[in-house]
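Position 334 (the sequence shown) corresponds to 320 in this note's numbering; numbering is contiguous.
The structure appears below as structure tokens.
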Amino acid sequence: MGIFKAYDIRGVYPVELDEEIVYKIGRAVVLLLNPRNVVIGRDCRTSSPKLADALSRGVRDQGADVIDIGLASSPLFYAAVAKGGYDAGVMLTASHNPKQYNGCKIVREKAIPVGYDDGIRRIEEMIKMSLPLPPIKKGSITRKEVLGDYAKHVLSICGSIGDLRVVVDSANGMAGYTFPPIYAQFPLKVTHLYKDLDGTFPNHEPDPLNVENLRDLQAAVKKEKADVGLAFDADADRVIMVDEKGDVVPADLILVLLGKELSIVDPKARIIYDCRSSQVIAEEFGARAIRHRVGHAFIKKSMRKDDVALGGEISGHFYFRDAFFTDDAVVAALKLLHILSKRTKPLSELIQPYQRYARSGETNFHVPDPKASVERVAKEFKDLRQDRMDGVTIWGVDWWTNVRPSNTEPLLRVCAEAKDKKLLDEIMAKIVEIIEK
């Protein structure tokens, strides 16, 4: 698949992805979607301005108009496309990847994502073949500032927030641009780490799933006696929360809190969760909880199709119907702050009732053939209940595990949950033994 991934186009600049390829991507997007106009946004990576120029030329050379919104987080970009009523959009970002990467997230009208099977494969084919001659009539370019409109919309859907102490780590990424004008509207005491935009990410990589990247946030939460810490990735579509003790709170337990709050105003609201998440979600929400395969493009489409109000993944993606069925880490953060403002208990105590099981977290294995490894694990546990929603999920007595190939990297991903640590360790040891045979 190369740079053409399940959810986006992504590679090392300029080795795998350069101005020439991105120019062709711009033309191919217009050929694929036939839009009158295309919104272009970019993150703060050092290669983004040059790639944005190439992308804009490609779109305009193919006859579509460009709406250039400049610096943007992915949620700001989604809102610009959906709220502005535009036909398509391309966001230049490599999300949480290191500084040498860049990429393209592509959306249709209403910010509906374009994944590999419904568009990116065709773009790949068009670029590998020679593109047709461009039309004589070129498109125009309009530069538009949209941060104010985005902030206004976010504030309209997130509720009141009291005088909490908050530590933010935006990793020199786009939350340092989009979040401050929003949190400034509340009586918060904010300590903002690594706020300045810097696409070299000098303090740490913009990946909040790596616990090494949370050390400074955890220390600052303790030092400031903060109520919560918020760690964003580079394009601010993911957030990981840290409680007042400096402990990381699993994203699926944050989803439980968001779901409980939503249920107060909408008792019938449905919630999508990915198949790696704790079974606590199913226990708490029953038939309203919808288990789903991993991946933001897949979840967004299902939420839109079935009008689902809320979704989440253990990777820190949170999805909201009132954010145009997209993932928005700033909205997730504000909704959590709203909950904390209403409660007398700290975050650690709010999640305590849901910490019922021992959990492995997601572990990655470099294996020659991830799909073959999935089949070996499935065969070993063939007498137990299984499903193939995403890789294989296996249910035993007082435990379950999910083993799946990564959608974005040549890795095998494994997670498990059990009634206690002893059983969890036994199950994980067994799975590792099978994988490493």
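Don't be surprised by glycine CBs; every beta carbon is placed ideally from N, CA and C.
- Excluding the 5 residues flanking it on each side, Arg129 has same chain C-beta neighbours closer than 6 Å at Asp54, in chain order.
- Cβ contact annotation for Ile(-5) (same chain, cutoff 6 Å, sequence separation greater than five): Ile(-11), Gly89 and Cys90, in chain order.
- The residues Tyr343, Ala344, Asp384 and Trp385, in chain order, have a CB closer than 8 Å to that of Lys405 in the same chain once the five nearest residues on each side in sequence are set aside.
- Between Gly12 and Ser60 a beta carbon distance of about 18 Å is seen, past the 8 Å cut, so the two are scored as non-contacting.
- Of all C-beta pairs linking the region 255 to 265 to the region 313 to 320, fewer than three are shorter than 8 Å, placing the two stretches out of contact.
- In the structure shown, the three-state DSSP call for Met414 is helix.
- By the criterion of at least three beta-carbon pairs nearer than 8 Å, the region 130 to 139 is not in contact with the region 193 to 201.
- Comparing alpha carbon positions, the residue from Lys209, Glu111, Pro21 and Val140 closest to Lys96 is Pro21.
- Taking 9 Å as the cut-off, the beta carbon of Ala40 is found no closer than this to the beta carbon of Val24.
- Under a 10 Å Cβ-count criterion, Pro354 is classified as exposed, with fewer than 16 other Cβ atoms of the shown protein chains found around its own Cβ.
- With contacts defined as CB atoms closer than 9 Å, Ser156 and Phe172 fail to qualify as a contacting pair.
- Under the DSSP assignment, Arg151 falls in the beta strand (DSSP E) whose first and last residues are Arg151 to Asp155.
- Taken atom to atom, the span from the alpha-carbon of Lys365 to that of Asp376 is near 16 Å.
- DSSP lists no bridge partner for Gln86.
- Distance check between His352 and each of Asp373, Thr330 and Ile421 places Ile421 closest, using alpha-carbon atoms only.
- Bounds of any beta strand (DSSP E) do not take in Glu269; it lies within the alpha helix (DSSP H) bounded by Val266 to Phe271.
- The beta strand (DSSP E) runs of length 3 or more contained entirely in the region 199 to 285 are, from start to end of the chain, 214 to 218, 225 to 228, 257 to 260 and 275 to 278.
- Cα atoms of Ala402 and Phe165: separation of roughly 34 Å, rounded to the nearest angstrom.
- In terms of Cα proximity to Leu216, the closest of Lys208, Asn158, Val228 and Ala205 is Val228.
- Of Tyr87, Lys124, Asn350 and Ser392, the smallest CA-CA separation from Glu191 is found for Tyr87.
- Short of 8 Å from the beta carbon of Lys123, and not among the five residues preceding or following it, lie these beta carbons of its own chain, in chain order: Gly49.
- Each of Leu203, Ser334 and Ile7 was checked against the Cα of Glu111, and the nearest Cα belongs to Ile7.
- Non-local beta-carbon contacts of Ala66 in its own chain, meaning distances under 6 Å to residues more than five positions away in sequence, involve Val25, Ile55 and Val132 in chain order.
- If you compare the alpha carbons of Ala212, Pro332 and Leu397 with that of Pro356, the shortest gap goes to Leu397.
- Exposed is the label assigned to Arg371, since fewer than 16 other Cβ atoms lie within 10 Å of its Cβ.
- Of the residues assessed, Ala273 falls on the exposed side of the cut-off, its CB having fewer than 16 other CB atoms within 10 angstroms.
- Of the residues assessed, Ile106 falls on the buried side of the cut-off, its CB having 16 or more other CB atoms within 10 angstroms.
- The Cβ neighbour count for Asn158, taken over all protein chains shown within 10 Å, is at least 16; the residue is labelled buried.
- Unbroken beta strand (DSSP E) stretches of 3 residues or longer found wholly inside the region 301 to 338: 304 to 306, given in chain order.
- Annotated as distal: Val176 and Gly125, with beta-carbon spacing of 9 Å or more.
- For Asp293, the secondary structure class from DSSP, reduced to helix, strand or coil, is coil.
- With a 10 Å radius around the Cβ and a threshold of 16 neighbouring Cβ atoms, Met414 comes out buried.
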